[in-house]
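These notes concern the structure reproduced below.
Numbering (the numbering used here), first residue to last: 331 to 597.
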């Protein structure tokens, strides 16, 4: 991104961090983004959940402090909601997932993917989840890396309202990022992608001695193509400002690919 973009994104973040009026900020920034169902939920959560230390937004980095500890169930649900949100926000489905016609061929594909991002996946290995848009995983046009630095494996019986709140907070952080980019570019956000495919990749230091998680296949030698990757960090602890997703794994980390691409459909 240009120096101007980086500078303006930082100013937007500092304005948020400075403890300004959330309601006024939301009204100003949401003009360019009429809330969808998911965006409205995230927008509403931001009014009460955000504080000066809870959201960090930069051109290629979003960090959000969640209100509750990140258990495997929380990580699973939050990741699934991010998948659904991005499929709509990036122009791969015609409406928010909750409003999709159940006869749409993409509905079961997204549902099966979200089921594969199960709590057991995060309990066993806590991988970094790469959401890669493009015709193939190696010809990406856009990518997102979702990481949960601190997953609490014990006591995973989390009240539904806590899980839902964490999901809203995560989506709110993505909306904040969109708003920051829109302000930095003079009020217009990035255009949606052409209809393409979503590939889900796992990057993890270990998983059951190297066995592939259910629904995933080993992808040896994989490298994320040289496209912009938005790093998304979600935690109940301290925010790692500027952290890179790959720092969460070591040199022996393995790549796994979800068994099939999820093809966008806006019909």
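Backbone N, C-alpha and C define an ideal beta-carbon position, used for all residues, glycine too.
Next on the checklist: On the criterion of 16 or more Cβ atoms from any shown chain inside 10 Å, does residue 506 qualify as buried, or is it exposed?
Outcome noted: A residue is called buried when at least 16 other Cβ atoms come within 10 angstroms of its Cβ; residue 506 meets this threshold and is buried.
Checklist entry - Thinking C-alpha only, which one of 460, 524, 558 and 397 is nearest residue 585? => result Answer by Cα proximity: 460.
Checklist entry - How about the stretch 478-493 and the stretch 418-436: do they share at least three Cβ pairs that are nearer than 8 Å? => result Using a C-beta cut-off of 8 Å, the stretch 478-493 makes no contact with the stretch 418-436, since fewer than three inter-stretch Cβ pairs fall below that distance.
Item to check | Sequence-distant residues of the same chain with beta carbon closer than 8 Å to residue 596, five excluded per side | outcome: In its chain, beyond the 5 residues on either side, 421, 422, 423, 424 and 525 have a beta carbon closer than 8 Å to the beta carbon of residue 596.
Item to check | Distance between residue 535 and residue 497 (C-alpha atoms, nearest Å) | outcome: Put simply, the backbone Cα of residue 497 is about 25 Å away from that of residue 535.
Item to check | Span separating the alpha-carbon of residue 407 from that of residue 393 | outcome: Their backbone Cα atoms lie some 17 Å apart in a straight line.
Item to check | Exposure label - residue 502; buried when at least 16 CB within 10 Å | outcome: Result: buried.
Checklist entry - Between residue 501 and the ligand HEM, is the CB less than 6 Å from at least one heavy atom? => result No copy of the ligand HEM appears in this structure; indeed no ligand is present at all.
Next on the checklist: Measuring straight from C-alpha to C-alpha, what distance separates residue 401 and residue 515?
Outcome noted: Those two C-alpha atoms are separated by around 37 Å.
Checklist entry - If you drop the 5 nearest sequence neighbours on each side, which residues of the same chain put their C-beta closer than 7 Å to that of residue 547? => result Correct list, in chain order: 586, 587 and 589.
Checklist entry - Which first and last residues belong to the alpha helix (DSSP H) in which residue 508 is found? => result Its alpha helix (DSSP H) spans residues 490-514.
Item to check | Boundaries of the alpha helix (DSSP H) in which residue 423 is found, first to last residue | outcome: Membership of residue 423 in any alpha helix (DSSP H) is not indicated, and neither H nor E is assigned to it by DSSP.
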